[in-house]
Every structure is written in C-alpha cells, then in structure tokens.
Amino acid sequence: MLPDFTNTSKMISGNPINQDRLQQLKAFDESKAGVKGIVDKGITKIPPIFIRPPEDTAGDNPSSCQPTQAQFSIPVVDLADTVGRHDDVVTRVRRAAETVGFFQVVNHGISQRVLDEMLEAARGFHEQPREVKAEYYGRELMRKVKFGSNFDLYQSRFANWRDTLFCVMGPEPLDPQELPVVCRDITMEYSDHVHKLGVTLFELLSEALGLKSDHLLSLDCAKGHLILTHYYPPCPEPELTMGTTKHSDPDFLTILLQDHIGGLQILFQNQWIDVPPVPGALVVNIGDLLQLISNDRFKSVEHQVLANYGGPRVSIACFFTLHLYPSARLYGPIKNLLSEDHPPVYRETSLQDFISYYERKGLDGNSALTHFKWRR
C-alpha cells in the first residue's frame, strides 16, 4: 500500500465521521507518536478507532472450509542463473504473475548483510523517542521523507495497527541529508540494490508477456521508486484490528523485505494464504498498474497483514511508481497484447488520475482497477 499522508479533512468514504470519533482521530494524529506511542503507554485494550466494525470482520475467511492453505505455497523463483536457465526463469515468472500475482525471489543479488542492516535500521528509526520521530511526522503530499500512521486515517472505517516511514527515492535522487541519521546510509545502499533488482524483474516480466526485454522499462515502469518502512507494534487485542487492511498496490511492482515474524497474507482462490518469511528471500507482487497495462494478463492480488501479539514486525516495501512525479504519459493496455479475442479491458489513465483516485478511495476493500474498466 502506498501512503502519501495527504490532507486530514477527508471523511470516511460515504459517511461523515461522528464528532467523538473525529476528535479521537485528531488526538492520535496530533500526538505525532503513531501506534508505537500508544503501545508505549502500556495499554491492555486498543483504542476504539482501531476496532474493526462487524461488517468488516464478516468478510474474514470467505471460504475457510476449503483446504487451499495446505495444498498451496507461494512460488519461489531462483534468480541465480538468469543466463543459463533464462527460459526457465521467464516461465516461472510468467506462471506466478499470471496465476498468483505474488512470488518470492532468492539469489537476487542483494547480500544478507544489506538485508539485515536494512531491517535493523528500520526498527531503529521506529523505536527512537517520540520527539525525534515527530520531526519527520507529516501528511504533506509533496514531502519526500515523512513519518506517519495510516495515510487514509480520516477516510477509513478503522485505523490500522501500523506506522510508516515514507521515502521517495527516485527518479530525482534523494538528498541523503533528508533521511533520518539512524537509517540514512543503509537506506541509500538498499535503494540502489533494490532498484537494480526491479530493473531485472521488469525485463523478465516483459519477456513473460512475449515482449522485448526492455518494453516495460521503456514505459518508465522502473523510473521512480519509493521505500516504505512499516512497523507493526505488538497488539494486545490483535483479533479486533488489522496490521494492514485488505488492498492491492497502486504501482507497477512491489518488492518487499519482511522480517521473521510473519502475518502477510494473500487472497488466492477466495482463501487467505500465508506468505511465510523465507530467510534471504524477497517477496515480489504485481501492482494494479501492471495488471492494467498487461490487460489482465498479470494479476494484482489483494493482500493484508494481520495484527500480532508478538513482534514488533518490521517490513520494507519498495514501490515502483512515479508517485510525486506523474508524467503526462497515458497508461492503457499494451497494444501488442490486444486482439479481437482480447480487446482492451481498461481505458487509458494518467498516473496522476490513478493515484488521486486511489488516495480518495482509501483502503475500502475494493480494487481501484474497477473504476478504470471499460463499461460494456
């Protein structure tokens, strides 16, 4: 999910917020302490703004009677030899992107040291004193580095149990001095490595669509990227809330580094499936924009993160999108993929229009892609 911590005057989609709830939301927001600040007070009950309404919990385990979990595991793609085993790697990427929309990559070229130091630095930022983090707290749209909690705080039916440090790393190089000292050097290093991995993945995904390897790169899919460090504090009542609400990502591609705690799930065949942490692996998922330009060949799958007694859980997501630098380019289904049997599913849209719609909508449990489909 792609936070931008935008303006605070918005109301819950379709419903005005009652004054008592609005005051609670403002108090939480103005504390600039995030969920970690609540936990630090030693609470044993979660505040009402985090409690899921009954109509939301009714959608849990849509087909829990089906044994999908026992029969299915997230695909793992080994990138160790993309030259000698090139066709096999492309086939595995194609199969995962078309059927699951999620896969894990191993032997991806980013050292274990970099992964470990990135997780440690992310944890280090979020566990600093409130007054240190508060300097970065904000919801200004164009701010490149900001700390916050719940980008859709004033729109959502309930707040998620998660804090985020949001960093726009490209296409314009970020001045390292804008980053917090505790995570500055490793964030710059990790950003460079994960961007190179993204380029490799877009080349493989292009070939998986039957296109030249540079096709998706020529559409600027890898031109911009963001790094979001998510921090999920231990929750005293995890069954009453969520770490992250069900959603799909409004980008081209997401690469996720998660720690050992677990809690990430994808919705596959109407069943919530765990995405278990694999030491040294990175999770890759197709974003909404890649599903749109692939004309539904690739799947941007809904996923969520459970709140947890244990932890804290830390994850680092890299979103490939031109979030603060939306170009005039219009994105629609790639013409090479269209035919009489496969007409365009989506109308063209600019990144700015797509992102604006996603932000207005918030995490309401519905895919933003529906809004951009041709009405037939």
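Residues in the sequence shown are numbered consecutively from 808, following the numbering used here.
A virtual CB, placed ideally from N, CA and C, is assigned to each residue, including glycine.
Buried or exposed (CB count within 10 angstroms, at least 16 for buried), I850 | exposed
N- and C-terminal bounds of the beta strand (DSSP E) containing D894 = Here D894 belongs to no beta strand (DSSP E); instead the alpha helix (DSSP H) covers 893 to 906.
In angstroms with no decimal places, state the Cα-to-Cα distance between V1108 and S838.
-> 34 Å
Let me know the secondary structure DSSP gives Q1076 once reduced to three states.
-> coil
Which full runs of the alpha helix (DSSP H) of 4+ residues lie inside the stretch 977 to 1038, going along the chain?
-> 991 to 1015, 1022 to 1025
Sorry if obvious, but does the Cβ on C1028 come closer than 7 Å to a heavy atom of the ligand GDP?
-> Annotation note on the ligand GDP: not contained in the displayed structure, which lists no ligands.
Name the residue from Q1078, I881, R969 whose alpha carbon lies nearest to the alpha carbon of V1121.
-> R969
Any alpha helix (DSSP H) of 4 or more consecutive residues that is wholly inside the stretch 1059 to 1143 = 1095 to 1100
Out of curiosity, what's the CA-to-CA distance linking R964 and P1057?
-> 20 Å
Could you spell out the range, first to last residue, of the beta strand (DSSP E) harbouring L972?
-> 970 to 975
Return the bridge partner residues of G955 from the DSSP annotation.
-> T971
Which residues does DSSP pair with T1048 in a beta bridge?
-> Partner(s): none; T1048 has no beta bridge.
When the Cα of E934 is compared with those of L1113, V883, P1040, G1031, which residue comes out closest?
-> P1040
Count the CB pairs spanning the stretch 1060 to 1074 and the stretch 1086 to 1095 that are closer than 8 Å, and state whether there are at least three.
-> yes
Report the rounded CA-to-CA distance for V764 versus R1182, giving the unit in angstroms.
-> Residue 764 lies beyond the residue range present for the chain, which begins at 808 and ends at 1183; the question has no answer from this structure.
D992 classed as buried or exposed, judged by whether at least 16 other C-beta atoms fall within 10 angstroms = exposed
Have a look at P882, D827, I881 and flag the residue whose alpha-carbon is nearest the alpha-carbon of P855.
-> D827
As assigned by DSSP and simplified to three states, the class of S1157 = strand
How would you call Y748, buried or exposed, if buried means at least 16 neighbouring beta carbons within 10 angstroms?
-> Examination of residue 748 is not possible in this model, given that the chain is present from 808 through 1183 alone.
Looking at G945 and K951, is the spacing between their C-beta atoms short of 8 Å?
-> no
Between the Cα of S1013 and those of V900, I1068, S1174, spot the shortest distance and give me the residue it belongs to.
-> V900
Buried versus exposed, by CB contacts within 10 Å (16 or more), K1053 = buried
Give the DSSP bridge partners of Y944, in chain order.
-> F954
If I'm right that N967 touches T1051 with Cβ under 8 Å, what's the distance once you round it to whole angstroms?
-> 5 Å
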